[in-house]
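Engineer: Dropping a structure here in structure tokens format, bear with me for questions.
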Amino acid sequence: MQLGSLVLAFFVCSSAALSPRHARREANAPTPEELQKAADRQSEKVQHDYNDAMDRLRLYARPRWRDYLNEGQVDSALGQLANTYGMGCVGEKESTTMTCKPRLETPNGRHLHQIYNLTVTVELLLMYFAGTSSTIYAYFGDKDIVHDEDLKQLTPIFSNPQMGATETVDIPLAQVFGTKYIQLADLKRLKIVQSPAQNDWFKIHSIKLKAIHASSRMPLVNNQYEFFPGGLLGSYREENGKQAKYNVEWSGELNWDSWQQTFDSKRMDEDLERQSEADGRERTWLEKHDKYMSDVKHTGSPRWEHLIRDAKLEKAIEELSSKYRIDCDGTDSGMDCKPKVESAVVGRNWHQFTNMTIDATIQNWPTAGTDSKIYAYFGDKAFIHDGDMDQLVPLFDAPSMGKTVRVDVKVPLVFGTDKPDLLALRTFKIVQSPAADDDFSIGGITFRVTHAASGMKMVNTQYNVFPDWLGTEVMEHGKQAKYNIEWTGALDWDQWHTKFGGGRSQEEFQRVEDALNEAQYPWQWAPWDSMRNRMREISRKSKGAA
1 MQLGSLVLAF FVCSSAALSP RHARREANAP TPEELQKAAD RQSEKVQHDY
51 NDAMDRLRLY ARPRWRDYLN EGQVDSALGQ LANTYGMGCV GEKESTTMTC
101 KPRLETPNGR HLHQIYNLTV TVELLLMYFA GTSSTIYAYF GDKDIVHDED
151 LKQLTPIFSN PQMGATETVD IPLAQVFGTK YIQLADLKRL KIVQSPAQND
201 WFKIHSIKLK AIHASSRMPL VNNQYEFFPG GLLGSYREEN GKQAKYNVEW
251 SGELNWDSWQ QTFDSKRMDE DLERQSEADG RERTWLEKHD KYMSDVKHTG
301 SPRWEHLIRD AKLEKAIEEL SSKYRIDCDG TDSGMDCKPK VESAVVGRNW
351 HQFTNMTIDA TIQNWPTAGT DSKIYAYFGD KAFIHDGDMD QLVPLFDAPS
401 MGKTVRVDVK VPLVFGTDKP DLLALRTFKI VQSPAADDDF SIGGITFRVT
451 HAASGMKMVN TQYNVFPDWL GTEVMEHGKQ AKYNIEWTGA LDWDQWHTKF
501 GGGRSQEEFQ RVEDALNEAQ YPWQWAPWDS MRNRMREISR KSKGAA
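Numbering follows UniProt numbering, with no gaps: position 418 of the sequence shown is 418.
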């Protein structure tokens, strides 16, 4: 009883002691008038920030070349293209076509004409002798003799191509030139390099180059070698007493005045018509914003598809790094994303994967096939028996030369879990179940997985050119073994990556480009063009209401 009285007395005394403090706090509380003034100041700040954003938009968001070409007055459009972007455009008013080229005489022309998103398309002649068992590269350097240390400057185009093969490759500018935007004047020469499997000839039918003009974002093409001038390529060169590993087979100058773009006004009118129809369906703009915010609340964090839509690329890179421990290096012209090296820790569940596919090919060489069965194996056993069949991924069954397969790996069966760690792919082995003592040669193997946390598709092309002929006779209990481990290779952590650029990326990211082209997003994520169109629509509606 006495203890209860003491506690009650202490509580009463404490409350009495706090009362003056509460009174002072009540006396210092803002009045309704002060609250209203604070709200007005906040509203003025928001309006000021909005006006400032609009001023910066008007100042920096210069009209693009397409706006000029859509102008009614041709002379004015040509003048603007020349003065703003240094583009010399030639076309008659009565004609439906116009051709634009970078002007050499433009003031500061060298720095005005930068490019990005450079691609090279090579087509082999459709003749039986035009294919090759070699690997073919594009090279923009100035060396006449190429070695292994120059590999970063070589971009693979073909590996064992057949006649008539066509391939388009993105040139990694940051890797090849050391910068993500290059001066058009520095793109002086293209060389074709062969890494011969033997003294092997091949024949190119055409070479085409494409790039985006950085300041105007106008697509430029160079069809100077659309009809390839050279004959059969393939030479034998010795180095240190043996066949050289790389041969520069052809070198061609890239003329400045061959970079151009031709526009057809009839086709552009059709494009504008389609765009007008699309603008009529813009009513879902706010609905898509609400759905996006709902998705964020549901999942706890936006996935990478949402992050790369952010106009501030730095924020996207920071989000990918902090949320998913994925490092991305690049600009809005392209990014290369990889799991962080320091996050390669077993058991932390940072880099698990779900779906997995393997692309594999047999060398396109008459003796490269086999009557055997070929498997991939990710386990650590030195000998394989029938009891290990669940861990073997079937790749080929008696493949002939040039055979190509894409195999979906049964992840739970092979790895024992729906979400294995990426570190479970540290090594892989090629296993043969021989029908006889049978040699074979693999052309290349590519691995693809889905990063579980982010949903990002990652690829490992470390062995897209395979190093060895395989096939050995292994004896077990006095007779030929049923399964032979023919080759073991390491899958390096830093080779898992994904590349995408400016919305246009490798095959897994095509769906993202399609989504970006079709959808409308809130203005803080929207590209400048969509934002400008949205402001125009709001302006039209406000004028109609007035």
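Think of the CB as a built atom: it goes at the ideal place given N, C-alpha and C, for glycine as much as any other residue.
When the Cα atoms are used, what is the spatial distance from Lys-188 to Trp-259?
Structural biologist: Your numbering for residue 188 matches position 188 in the sequence shown. Your numbering for residue 259 matches position 259 in the sequence shown. When the Cα atoms are used, Lys-188 and Trp-259 turn out to be separated by approximately 12 Å.
Engineer: For the region 402-412 against the region 454-469, are there 3 or more C-beta pairs whose distance is under 8 Å?
Structural biologist: no
Engineer: Please determine, among Thr-166, Val-176 and Ser-216, the residue with the shortest C-alpha to C-alpha distance to Ser-206.
Structural biologist: Here residue 206 is taken as the residue at index 206 of the sequence shown, counted from 1. It is Thr-166 whose Cα lies nearest to the Cα of Ser-206.
Engineer: Helix or strand or just coil, what does DSSP make of Gln-36?
Structural biologist: Locating residue 36 in the sequence shown gives position 36, counting from the first residue. In this structure, Gln-36 counts as helix in the three-state DSSP scheme.
Engineer: On the DSSP bridge list, what partners appear for Met-458?
Structural biologist: Within the sequence shown, the letter at position 458 stands for residue 458. Val-449.
Engineer: Is DSSP giving Ala-174 helix, strand or coil here?
Structural biologist: Translated into the one-based positions of the sequence shown, residue 174 becomes position 174. Three-state result, Ala-174: helix.
Engineer: If you measure between the beta carbons of His-213 and Lys-338, is that distance less than 8 Å?
Structural biologist: Position 213 of the sequence shown, counted from the start, is the residue given in the question as residue 213. Position 338 of the sequence shown, counted from the start, is the residue given in the question as residue 338. No, the Cβ-Cβ distance between His-213 and Lys-338 is not below 8 Å.
Engineer: Which runs of the alpha helix (DSSP H), 4 residues or longer, sit entirely within the region 106-171?
Structural biologist: 109-112
Engineer: Let me check one thing: in DSSP terms, what residues is Ser-394 bridge-paired to?
Structural biologist: As a first step, residue 394 is located in the sequence shown; it is residue number 394 there, counting from the start. Here the sequence assigns Pro to residue 394, which means Ser is not the residue at that position. For Pro-394, which the question treats as bridged, DSSP gives the partners Tyr-375.
Engineer: Would you kindly work out how many angstroms separate the C-alpha atoms of Val-176 and Thr-155, rounded to a whole number?
Structural biologist: On the sequence shown, position 176 is the one that residue 176 refers to. On the sequence shown, position 155 is the one that residue 155 refers to. Those two C-alpha atoms are separated by around 8 Å.
Engineer: Taking Leu-190 as part of the beta strand (DSSP E), name the residues at either end of that continuous run.
Structural biologist: As a working note, residue 190 is residue 190 in the sequence shown. Where Leu-190 is concerned, the enclosing beta strand (DSSP E) stretches over 189-195.
Engineer: Measure the alpha-carbon distance for Ser-134 versus Ser-235 and round it to whole angstroms.
Structural biologist: Looking up residue 134 in the sequence shown gives position 134. Looking up residue 235 in the sequence shown gives position 235. Spanning the two alpha carbons is a distance of roughly 12 Å.
Engineer: Does the beta-carbon of Leu-173 have 16 or more other beta-carbons within 10 angstroms, so that it is buried, or is it exposed?
Structural biologist: The count along the sequence shown starts at 1 and reaches residue 173 at position 173. Buried, since its Cβ has 16 or more Cβ neighbours within 10 Å.
Engineer: How many Å lie between Glu-123 and Ser-215 at the Cα?
Structural biologist: Position 123 of the sequence shown holds residue 123. Position 215 of the sequence shown holds residue 215. Rounded to whole angstroms, Glu-123 to Ser-215 spans 30 Å at the Cα level.
Engineer: What is the DSSP secondary structure of residue 577, reduced to helix, strand or coil?
Structural biologist: As shown, the chain starts at 1 and ends at 546. That puts residue 577 outside it, with no answer to give.
Engineer: Where does Tyr-85 fall in DSSP's three states?
Structural biologist: Along the sequence shown, read from residue 1 onward, the residue named residue 85 stands at position 85. The three-state reading of DSSP puts Tyr-85 in helix, counting H, G and I together.
Engineer: For the region 378-387 against the region 442-453, are there 3 or more C-beta pairs whose distance is under 8 Å?
Structural biologist: no
Engineer: Mark Ile-374 as exposed unless 16 or more other C-beta atoms lie within 10 angstroms of its C-beta, in which case mark it buried.
Structural biologist: For this step, residue 374 is matched to residue 374 along the sequence shown. So Ile-374 ends up on the buried side.
Engineer: Considering only the alpha carbon of each residue, which of Asp-359, Glu-342 and Leu-254 lies closest to His-351?
Structural biologist: Within the sequence shown, residue 351 is the residue found at index 351, counting from 1. That would be Glu-342, whose Cα lies nearest to the Cα of His-351.
Engineer: Does the pairing of the region 421-433 with the region 484-492 give three or more beta-carbon distances under 8 Å?
Structural biologist: yes
Engineer: Less than 7 Å between C-beta atoms, sequence neighbours within five positions excluded: which residues of the same chain meet that for Asn-255?
Structural biologist: Sequence index remark: in the sequence shown, residue 255 carries index 255 (1-based). Cβ within range, chain order: Gln-224.
Engineer: Are the region 132-147 and the region 191-200 in contact at 8 Å, needing three or more beta carbon pairs?
Structural biologist: yes
Engineer: I'd like to know whether the C-beta atoms of Gly-471 and Asp-439 end up nearer to each other than 8 Å.
Structural biologist: Mapped onto the sequence shown, residue 471 falls at position 471. Mapped onto the sequence shown, residue 439 falls at position 439. Contact flag set, yes.
Engineer: Applying the criterion that 16 or more other CB atoms from any shown protein chain within 10 Å of the CB defines a buried residue, is Thr-168 buried or exposed?
Structural biologist: Residue numbering aside, residue 168 sits at position 168 when the sequence shown is read from its first letter. Classification for Thr-168: exposed.
Engineer: Between which residues of its own chain and Lys-469 is the CB-CB distance below 7 Å, once the five residues before and five after are set aside?
Structural biologist: For the purposes of this step, residue 469 is taken as residue 469 along the sequence shown, with counting starting at 1. Reading off the sequence, residue 469 comes out as Trp, not Lys. Excluding sequence neighbours, Trp-469 sits near Asp-439 and Ser-441.
Engineer: In terms of residue numbering, what span does the beta strand (DSSP E) encompassing Val-248 cover?
Structural biologist: Numbered from 1 along the sequence shown, position 248 holds the residue referred to as residue 248. Where Val-248 is concerned, the enclosing beta strand (DSSP E) stretches over 247-253.
Engineer: If you draw a straight line from the alpha carbon of Met-87 to that of Asp-142, how long is it in whole angstroms?
Structural biologist: By one-based count along the sequence shown, residue 87 stands at place 87. By one-based count along the sequence shown, residue 142 stands at place 142. In a straight line, the C-alpha of Met-87 is about 28 Å away from that of Asp-142.
Engineer: With a CB to CB cut of under 6 Å and the five nearest residues on each side skipped, what residues in its chain are close to Tyr-181?
Structural biologist: On the sequence shown, position 181 is the one that residue 181 refers to. Once the five neighbours on either side are set aside, the close Cβ partners of Tyr-181 are Gln-114, Tyr-116 and Ala-214.
Engineer: Rounded to a whole number of angstroms, what is the C-alpha to C-alpha distance between Pro-107 and Gly-489?
Structural biologist: Counted from its first residue, the sequence shown places residue 107 at position 107. Counted from its first residue, the sequence shown places residue 489 at position 489. Because Pro-107 carries a pLDDT of 48, less than 50, the predicted location of this residue cannot be relied on, and the following value inherits that uncertainty. Straight-line Cα distance between these residues: approximately 55 Å.
Engineer: I think Leu-118 touches Ala-185, with their Cβ atoms under 8 Å apart; what is that distance to the nearest whole Å?
Structural biologist: Translated into positions along the sequence shown, residue 118 becomes position 118. Translated into positions along the sequence shown, residue 185 becomes position 185. Contact doesn't hold; Cβ gap of about 14 Å is too wide.
Engineer: What separation, rounded to the nearest whole angstrom, lies between the Cα atoms of Ala-197 and Asn-349?
Structural biologist: Stepping through the sequence shown from its first residue, residue 197 is reached at position 197. Stepping through the sequence shown from its first residue, residue 349 is reached at position 349. Looking at the two C-alpha atoms, the distance is approximately 42 Å.
Engineer: Exposed or buried, Ser-159, counting other C-beta atoms within 10 Å across all chains shown (16 or more means buried)?
Structural biologist: For the purposes of this step, residue 159 is identified with residue 159 of the sequence shown, where counting begins at 1. Using a 10 angstroms sphere on the CB of Ser-159, the tally of other CB atoms reaches 16 or more, which defines it as buried.
Engineer: What residue does the beta strand (DSSP E) around Arg-406 start on, and which one ends it?
Structural biologist: Reading the sequence shown from its first residue, position 406 is the one you call residue 406. From DSSP, the beta strand (DSSP E) with Arg-406 extends over 404-408.
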